[in-house]
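Listed in order, the protein sequences are those of chains E and A.
Each residue of the first sequence is one higher than the last, beginning at 1 in full-length UniProt numbering.
Each residue of the second sequence is one higher than the last, beginning at 1 in full-length UniProt numbering.
All C-beta atoms, glycine included, are put in the ideal place defined by N, C-alpha and C.
2 protein chains.
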Amino acid sequence: MRFLHTGDWHIGKHLAGYNLLADQHATFEKIRQIAKAEQVDAMVIAGDLYDRTIPSEAATRELTSELAELNIHDQLPIFAISGNHDSATRLGVGSQWFTSNDFYLNTKFSQAFMPIEFADTQLFLLPFFGLQEVRNYFADDQIKDINTAMKKIVAAMKKRFVDGKRHVLVAHFFAAGSQRTADSETMIEVGGLSAVNTDLLTDFDYVALGHLHNKNALQEARIKYSGSPMKFSVSEANMEKGVWIVDTAPFNIRWVELPAIHEIHVIESSMDQLTDPTFAKQYSKEDYYAIKLTDRQIIPDVMNRLRQYYPQIISLGRKYGFAGPHENYHHLNQRQSPKQLFANFFEKTVGTKLNAEQEKIVDTTLAEMQKGDR
Amino acid sequence: MRFLHTGDWHIGKHLAGYNLLADQHATFEKIRQIAKAEQVDAMVIAGDLYDRTIPSEAATRELTSELAELNIHDQLPIFAISGNHDSATRLGVGSQWFTSNDFYLNTKFSQAFMPIEFADTQLFLLPFFGLQEVRNYFADDQIKDINTAMKKIVAAMKKRFVDGKRHVLVAHFFAAGSQRTADSETMIEVGGLSAVNTDLLTDFDYVALGHLHNKNALQEARIKYSGSPMKFSVSEANMEKGVWIVDTAPFNIRWVELPAIHEIHVIESSMDQLTDPTFAKQYSKEDYYAIKLTDRQIIPDVMNRLRQYYPQIISLGRKYGFAGPHENYHHLNQRQSPKQLFANFFEKTVGTKLNAEQEKIVDTTLAEMQKGDR
C-alpha cells in the first residue's frame, strides 16, 4: 500500500496571539491535494490533531470538516491516533462509528493491540500513553521506564503479526537513535522526557511518528517523524515542512514539501533599515516576523512603528542589548535611592533631567507609596 | 413506526454539587430496556443531551457510550437534535458518519428541512435555534418573533411533505397552547421567553418536544414534552418522569414511567423528628433531601447533625423563619454600635453574655479593624 504520513496538526493553535486557523485550513487543503496527486491508499495522522484538550468550537468545526472531507468526500481511509495535546476522550467521540468507513482513530491504549489489516499491511495504532496505562494493561507494576514499556508493547504486538504482511506502527512519543550526536539539541529541547530507543522499533517495516515538529529529529531509514505541516514557533522558522509518501512494497519513502502559507521571518536588522520602505517592501504584510534589532538605543513607540511595515510581529528583541546604563539593568545598583533610580530612568528615557516641579511630584508619590508599604 | 420519545438527558448535570452521572447511567439503562421491551423501531431524543456546552470528559464518555450502546450494539436507529444546553458544534462531531448507521443527529438549522424518511414516516429534526438563524436562512430580516419564524419554518417543511407519509417534528423550544390557564405557572417559570403557539404545529401527526422538564407542561393530544427522564431540581421533586411510546399508524401514545434511581424528598419537619432514628430509618441515605425545618430557634451545627441521617442534603431552610430578634435580621438597628451588635449576636448564639475577658478581646479586635479601615 501507499500512504501519506503526517501528524502534529495542532488545529486551533495560536502563534503569539495570532489565530492560525485560516493557514491551517489552507495547509490541510494542500495535504489533501498531495494525497490525491500521489494517489495514496490512506492517510496516517500521528497524533496531536488538536492543539488543546478542550479545542475551541472553531477548531472543532475545522478538524471535523477536514476529516469529513478526506474520509467521506474523498473516500480516503484514515489511520490516526491521539497525541499528548489531544484529549483522548474528546478526540475519540464518534470513533466507534468511523471504522465502518475505514477511518480508524485509536485513542485508547488497549486498541493498539488490535492491528488493522489493510491491503498488504497490518497497522498498529498506538495513541499517546502514560506508563500507568502500560502497567495496568500488562498488570505489571515493575514497568518503571519507557523503554521497558516499549519492549512489552512491541512483544505483544508481534504476537499479532501475520506472516507475509508488512507491519506499520503509528505512535506519538519522543524517540531517539542510539547514535545521538545529531540529536543532542533535540535531547535538550524536550527536557527531562525519556526517549524510546529506536533499536526497539526495528521489527516494523515502518514507524510513523508524531510528537517532534522537526522531520530531521531522527535520521533512521524506516522510523520517521513527519514533523508538523506548518511552522508553529520561531524555533521552527528554518525547518522544512512537508509530508512523507510511503510505499510498503517494495519499500520506498519520499518527502513532499509543503511551502508555508505565511512565512515566519527571523530578521536581524537596524530600525532604520527595517523602516526603509524599499527594504520593507520585500516582505509580505501577511507573514509573521521575529525581529532582533541591532540598535542599542531606546526607540520610542518601537512596536507601533515596526507594525506599520510588519503588522504580525511575533517577537521583538535586541541583538546587542541596550546602550548606556540600560546594559546594566540586571545589576542595578541597589544602593541608589528609589528617587535616584527614577531620576536616572527619567533622564535616559525623556532626555532631560527632572525639573523642580517634577521632582516635587516624585517626592510626594514616593512618600505616599512608602506610607502604603507600612 | 413505533418510537420512544425522550429528551433533556442533561448528561453531566450536578444536583447541588452531587454528581448525577451514576444515576444518569442507571436511568439510561432503564430507557434502553424500555426500548427493547416495547420493540420500538427508533428512539427520538429531543435535545439537551448534555447539560453544558463544554461537557466534562466523564460526561462525554458517558453520552458517547450510551449512544453507541443503542445505535451500534442494539442497532437501534436514533433521531436526535441539539438543545439550548448543548454546543451544536461539539455535540455534532461525528454526525456525518453516524447517518450511515441510521443515527440522525441534527445540530444545524438548515438540516431541519431535509426530512428523514423512515418506515411510514418523514421525520423533521429541528435543533434549538435563534431568530437570527431563521432570518439568515430565509433571507428575511422581518422575522421579529418566534411565531413568525415558526410559520415560515413549518411552511418550508410542508413543501417537503410526501403524501401518504406520517409527519413527525422533533424540536426543542418552549411551546404553549392557546388555552393557557393550565400553563400559567410554566409561563412564569420560563420568564421572558416567548412561546411557540401550538396552533402552528397541527400539520404534524406528532411533535416530539424537548426543553421543559415537566411532561404535563402541555396538554395537547399530539404535541408532547417527554420531560427529563430524571428529577434535576427540587422543583421537579413531585413530577412523574418517564418516556412516551408513540405509534404513528394507527396513532397511539402511551406513557411509561421511570421510577427515580434516587428520590428527591422534600421534608418539612422538626429537628427532633428528623433526628429520631425511627423516623430517619424510613429514608435512604442515598436519596436527596430538601429539608424545611419547622423549628424557629437557632440550632448549632445543624447541617452536620442532619447529614448523619441524610448525607445528601440539597437544600436546607426554615418553614417559619427564626424566633426572637433573628426574625428582624433584615431590619437590624443600624444605630447599635458594632460592639453592641456583636454582644447581642454572641448572647443569642452561645447563650451567655460576654465576660470581661471576652469583652476585652472584642474591644481590641474592633479597634484594630477600625485602624485598618482608615
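Please state the DSSP three-state secondary structure of residue i.
i: S284/A; result: coil
i: K13/A; result: coil
i: V302/A; result: helix
i: A175/A; result: strand
i: Q122/A; result: strand
i: V93/E; result: coil
i: Y320/E; result: coil
i: Y104/E; result: strand
i: S269/A; result: strand
i: Y137/A; result: helix
i: S315/E; result: strand
i: D81/E; result: The sequence shown places Ile at residue 81/E, not Asp. Correct three-state label for I81/E: strand.
i: N355/E; result: coil
i: G372/A; result: helix
i: D247/E; result: strand
i: V362/E; result: helix
i: R61/A; result: helix
i: I223/A; result: strand
i: V154/A; result: helix
i: E240/E; result: coil
i: V40/A; result: coil
i: H213/E; result: coil
i: I54/A; result: coil
i: H167/E; result: strand
i: T6/E; result: strand
i: R160/A; result: coil
i: R254/A; result: strand
i: E263/E; result: coil
i: L274/A; result: helix
i: A343/E; result: helix
Please tell me whether residue i has its Cβ less than 8 Å away from any Cβ of chain E.
i: E57/A; result: yes
i: T107/A; result: no
i: A9/A; result: The amino acid occupying residue 9/A in the given sequence is Trp; Ala does not appear at that position. W9/A does not count as touching chain E.
i: N101/A; result: yes
i: A323/A; result: no
i: R61/A; result: yes
i: A80/A; result: no
i: I45/A; result: no
i: I116/A; result: no
i: I72/A; result: yes
i: I54/A; result: yes
i: T6/A; result: no
i: T64/A; result: yes
Looking at the ligand NAP, does it come within less than 7 Å of residue i, judged from the CB to the closest heavy atom?
i: Q312/A; result: With respect to the ligand NAP, the structure shown offers nothing to examine, as it has no ligands at all.
Strictly under 8 Å for the Cβ-Cβ distance: is residue i near chain A by that measure?
i: R90/E; result: yes
i: A260/E; result: no
i: W97/E; result: yes
i: S87/E; result: yes
i: G94/E; result: yes
i: A68/E; result: yes
i: T198/E; result: no
i: T294/E; result: no
Let's test the definition: count the other Cβ atoms within 10 Å of the Cβ of residue i and tell me whether it reaches 16, buried, or not, exposed.
i: L209/A; result: buried
i: L341/A; result: exposed
i: K285/E; result: exposed
i: V246/A; result: buried
i: S82/A; result: buried
i: E62/A; result: buried
i: F352/A; result: The question names Phe, but residue 352/A in the sequence shown is Thr. Result: exposed.
i: T215/A; result: It should be noted that the sequence gives Lys, not Thr, for residue 215/A. When all chains shown are included, K215/A counts as buried.
i: D301/E; result: exposed
Assuming residue i contacts residue j (C-beta within less than 8 Å), just tell me the rounded distance between them.
i: K292/A; j: A260/A; result: Not quite, the Cβ-Cβ distance comes to about 20 Å (not below 8 Å), so this is no contact.
i: S228/E; j: H10/E; result: 6 Å
i: F79/A; j: L125/A; result: 6 Å
i: L4/E; j: A35/E; result: 5 Å
i: L258/E; j: K30/E; result: 6 Å
i: S105/A; j: F113/A; result: The residue you asked about is not Ser; residue 105/A is Leu in the sequence shown. No, L105/A and F113/A are not in contact; Cβ-Cβ is about 16 Å, not under 8 Å.
i: I45/A; j: G7/A; result: 6 Å
**Message:** Under 8 Å: do the stretch 16–27 of chain E and the stretch 143–160 of chain E share three or more Cβ pairs, one atom per stretch?
**Reply:** no
**Request:** Determine contact between the stretch 165–177 of chain A and the stretch 136–144 of chain A, defined as no fewer than three beta-carbon pairs at a distance below 8 Å.
**Result:** no
**Message:** Closer than 8 Å is the cut-off here; do at least three beta carbon pairs connect the stretch 273–290 of chain A with the stretch 41–58 of chain A?
**Reply:** Because the criterion of three Cβ pairs below 8 Å is not met, the stretch 273–290 of chain A and the stretch 41–58 of chain A do not touch.
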